[in-house]
Every structure is written in C-alpha cells, then in structure tokens.
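Colleague:
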Amino acid sequence: NPLSYPENLYEQGLTHFNEGNIPEAILCFESTLRNVDMENADAWRMLGKCHTENDADSKAIVCWLKSLERDPYSPETLLALGVAYVNELDWEKAVESLRGWVGNHPLYAGMENASGEVDIEDDLYGAEMRDVERLLLRALEYDRTDDAAADVYEALGVVYNVSRDYDAAVDSFRRAIGVRPDDYQLRNKLGATLANSNRSEEALPSYRKALSLKPKYARGWLNMAISHSNLHNYSEAARCYLQTLSLNPEAKHVWSYLRIALTCDERWDLLPLAASQNLSQFHEFF
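Residue numbering for the sequence shown follows the UniProt record's numbering, starting at 1 and increasing by one per position.
(1) Give me the residue from Arg-99, Ser-58, Leu-27, Arg-164 with the minimum Cα distance to Asp-85.
(2) Across the segment 187-195 and the segment 132-144, are there enough close Cβ pairs to call them in contact, namely three or more that are closer than 8 angstroms?
(3) Straight-line CA distance for Ile-120 to Val-102?
(4) Exposed or buried, what is Thr-145 when buried is set at 16 or more other beta-carbons lying within 10 Å of its beta-carbon?
(5) Pull up the distance between the alpha-carbon of Arg-259 and that of His-51, whole angstroms please.
(6) Could you check where the alpha helix (DSSP H) with His-16 kicks off and where it finishes?
(7) Quick one: grab the DSSP three-state call for Leu-89.
(8) Going by DSSP in three states, Phe-282 sits in which element: helix, strand or coil?
(9) For Gln-243, which three-state DSSP category applies?
(10) Using 10 angstroms around the beta-carbon of Gln-281, count the other beta-carbons present and answer buried if the total reaches 16, otherwise exposed.
(11) Please identify the residue among His-228, Glu-250, Lys-252 whose C-alpha is closest to the C-alpha of Ala-261.
(12) For the alpha helix (DSSP H) holding His-228, just list the boundary residues, first then last.
(13) Taking DSSP as the reference, what is the three-state secondary structure of Glu-141?
(14) Between Asn-161 and the rest of its own chain, which residues show a CB-CB distance below 8 angstroms, the 5 nearest in sequence each way excluded?
(15) Taking the continuous alpha helix (DSSP H) assigned at Ser-197, which residues delimit it?
(16) Following the continuous alpha helix (DSSP H) through Lys-59, name the residue where it begins and the one where it ends.
(17) How is Asn-248 classed by DSSP in three states: helix, strand or coil?
(18) Candidates Asp-42, Pro-23, Leu-68, Asn-35: which alpha carbon is nearest Glu-53's?
(19) May I ask which residues mark the beginning and end of the alpha helix (DSSP H) holding Trp-268?
(20) Just the Cα atoms here: how many angstroms apart are Val-132 and Pro-106?
(21) Check this for me: beta carbons of Tyr-184 and Lys-216, under 8 angstroms apart or not?
(22) Please report the distance separating the alpha-carbon of Arg-164 from that of Trp-255.
(23) Run the CB neighbour count on Pro-40, radius 10 Å, all protein chains shown included, and call it buried at 16 or more, exposed below.
(24) Which same chain residues end up closer than 8 angstroms to Asp-37 when comparing Cβ atoms and leaving out the 5 residues on each side of it in sequence?
(25) Please tell me whether Tyr-108 and Tyr-153 are closer than 8 angstroms, where the distance is taken between their beta carbons.
(26) Using the beta-carbon count (16 or more within 10 Å), is Leu-89 buried or exposed?
As structure tokens, then:
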C-alpha cells in the first residue's frame with residue numbers, strides 16, 4: 001500500500017472524499033485504520049461513506065457498525081446506518097437505527113421519555129415504525145431550527161420509503177432540500193424515491209442536480225442510468241453506466257446492466273466489448 005504512513009493521512013482522505021476521488025479516499029482511511037489508529041471512529045465512519053458513495057451498502061454497514069462500537073451515540077452514523085439498511089431492504093434494522101438516531105441526538109435529549117404517546121415496549125414491526133414516525137414528527141415540534149428540521153425531514157423520508165409512502169417521502173426530502181439545497185445526497189435520495197414510485201422522468205433532474213454538485217458521484221451516475229433504462233433511453237443509460245464504471249471499477253455488477261442496455265439498444269457490435277469488461281475500448285463510441 002503506497003499510502004501507508006504519511007502524516008495527516010485521515011485529512012488526506014477527507015480531501016479526496018470531498019473531491020470525489022473515492023478510491024484514493026478509501027486507501028487513506030483504510031491505511032489510517034490499519035497503521036495509525038484502529039479505534040478511530042471517524043475513519044470508520046468516513047470509510048463507510050466512501051462505500052455508500054460507490055453503491056456498496058453492505059460494506060458501508062460493516063464500517064458504520066465498527067464506528068458505532070467506538071462512538072455509540074453518533075447521530076450522523078446512526079442516520080446513515082438507517083438509510084443503508086433501507087437500501088438493503090432490512091426494514092427492521094432500519095427502524096431500529098432511526099429510533100437510535102432520535103434517542104441519541106443531543107437536540108432531542110429527554111424528548112422520548114417526555115411523552116406517554118410512544119409505546120417503546122411494542123415489539124410489533126409496524127408499531128415500531130409508527131413509533132419512529134411519531135418520534136420524528138415530535139422532533140420537528142421540539143426543535144424548529146433549520147438544520148435540525150433538515151435532519152428530521154431526511155430521516156422521515158427514509159421512514160416513508162420503508163413504509164412505501166413515496167409521496168410523503170418525496171415531500172420530506174424536498175423540505176430537507178429547501179434547507180440544504182447543495183446537499184447532493186439529498187438530491188439523490190429524492191431522485192431514487194421518485195424512481196421507486198415509477199416517476200423516473202421526474203427523477204432525472206434530481207440526479208442531474210446531484211451530479212452537478214458532485215460530478216464524481218458514482219451512485220448518482222448509476223441511479224441516473226437506471227432511470228434512463230426505465231425510460232428506454234438505452235444509449236444514455238449505457239453512457240451513464242460507463243461513467244459509473246470509470247469512477248468505481250469494482251462495481252462488476254454494473255457490466256451486466258450495461259449489457260442489458262446495449263442489447264435493448266440493439267448495439268450488438270458493442271456486446272463483445274462489454275463481455276471483455278475493457279472500459280477503454282468504449283471511449284470511441286460514447
């Protein structure tokens with residue numbers, strides 16, 4: 001590993017992450033943990049963020065659980081973990097993480113115990129989810145400052161995705177974006193929610209905005225490719241899949257998506273290139 005021991009390795013990782021250089025950021029954070037401080041909760045958290053940028057939620061979850069072992073009350077990590085569990089379709093753990101986010105957020109200290117309306121002893125999954133929704137709605141009343149509201153609306157958007165109430169999720173993410181218009185991840189979440197509710201055409205502007213804010217956002221390129229495929233814009237989908245692969249060569253599953261798009265576009269001439277998985281050969285075509 002060429003990045004084993006330089007000073008300020010963690011800071012280098014942050015710089016790479018902010019610039020969208022995710023492979024380099026991963027090297028920095030992994031080297032920080034391996035060679036400097038295995039107990040660095042922030043390095044584990046950032047490594048998880050790198051993986052989720054690359055659409056690798058299962059890897060991100062492992063990192064965030066490691067981070068929480070070292071910093072159990074991190075609101076940012078708990079919220080990110082809840083989102084990742086939603087992406088992995090693990091609804092029960094998603095609800096558990098979001099409950100932890102509210103319960104451990106310093107802005108809402110004591111809020112849960114202040115109300116008799118929330119039955120925290122209820123084991124039923126549906127009731128658990130309703131409990132979390134009520135907690136989040138009460139959190140909006142508890143602290144109406146913009147930053148706090150944006151976090152709660154983001155969490156509500158995730159909860160409504162779990163319950164497949166996509167209209168409410170869209171409204172929540174739009175309210176969060178109203179506070180944080182330059183948050184590329186919120187823009188991507190809005191786009192993904194629209195796409196999940198069969199509104200791929202509406203999703204595209206959200207993805208474009210996310211990518212204008214962070215052009216090297218592999219997950220955003222992948223989501224936009226999928227929406228283009230849903231709309232039968234197969235040539236544009238192929239271009240976005242190739243961009244995803246250029247940013248995240250480890251995303252081997254994207255090659256199968258690319259082959260499907262090329263087949264639907266009747267680009268039989270390009271299928272051998274996709275089979276060989278040689279990205280450079282596509283440059284003259286896209």
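We treat Cβ as the ideally placed atom computed from N, Cα and C, and that holds for glycine.
Quantities reported herein were computed from a predicted structural model and do not represent experimental measurements.
Modeller: Looking at the atomic coordinates:
(1) Per the sequence shown, the amino acid found at residue 85 is Tyr instead of Asp. Ser-58 is the residue among Arg-99, Ser-58, Leu-27, Arg-164 whose C-alpha sits nearest the C-alpha of Tyr-85.
(2) Taking 8 angstroms as the limit for Cβ pairs, the verdict is that the segment 132-144 does not touch the segment 187-195.
(3) Confidence is the limiting factor: at Ile-120 the pLDDT is only 47, short of 50, which leaves the residue's position unreliable, though a coordinate-based value still follows. Roughly 13 angstroms between the two C-alpha positions.
(4) Taking every protein chain shown into account, the CB of Thr-145 has fewer than 16 other CB atoms within 10 angstroms, so this residue is exposed.
(5) When the Cα atoms are used, Arg-259 and His-51 turn out to be separated by approximately 24 angstroms.
(6) Bounds of the alpha helix (DSSP H) holding His-16 are 9-18.
(7) DSSP places Leu-89 in coil when its eight states are reduced to three.
(8) Phe-282 falls in the helix class under three-state DSSP.
(9) Taken through DSSP and simplified to helix, strand or coil, Gln-243 comes out as helix.
(10) The residue in question, Gln-281, is exposed, as its Cβ has fewer than 16 Cβ neighbours within 10 Å.
(11) Comparing alpha carbon positions, the residue from His-228, Glu-250, Lys-252 closest to Ala-261 is His-228.
(12) From DSSP, the alpha helix (DSSP H) with His-228 extends over 218-230.
(13) In the three-state scheme derived from DSSP, where H, G and I count as helix and E and B as strand, Glu-141 is classed as helix.
(14) Taken in chain order, the residues that qualify are Val-86, Ala-169, Thr-193, Asn-196.
(15) The continuous stretches of alpha helix (DSSP H) do not include Ser-197, and DSSP gives it neither H nor E.
(16) Lys-59 -> alpha helix (DSSP H) spans 57-70.
(17) Coil, per DSSP.
(18) It is Pro-23.
(19) That residue, Trp-268, is in no alpha helix (DSSP H); it is neither H nor E in DSSP.
(20) So the two alpha carbons sit approximately 17 angstroms from each other.
(21) For Tyr-184 and Lys-216, no; Cβs fall outside 8 angstroms.
(22) Distance from the CA atom of Arg-164 to the CA atom of Trp-255, rounded to whole angstroms, is 29 angstroms.
(23) In the sequence as displayed, the identity of residue 40 is Asn instead of Pro. Buried: at least 16 other Cβ atoms inside 10 Å.
(24) If we look at Asp-37 and ignore the five residues flanking it on each side, its Cβ neighbours are Ala-43.
(25) Cβ distance not < 8 angstroms, so Tyr-108 and Tyr-153 don't count as in contact.
(26) Of the residues assessed, Leu-89 falls on the exposed side of the cut-off, its CB having fewer than 16 other CB atoms within 10 angstroms.
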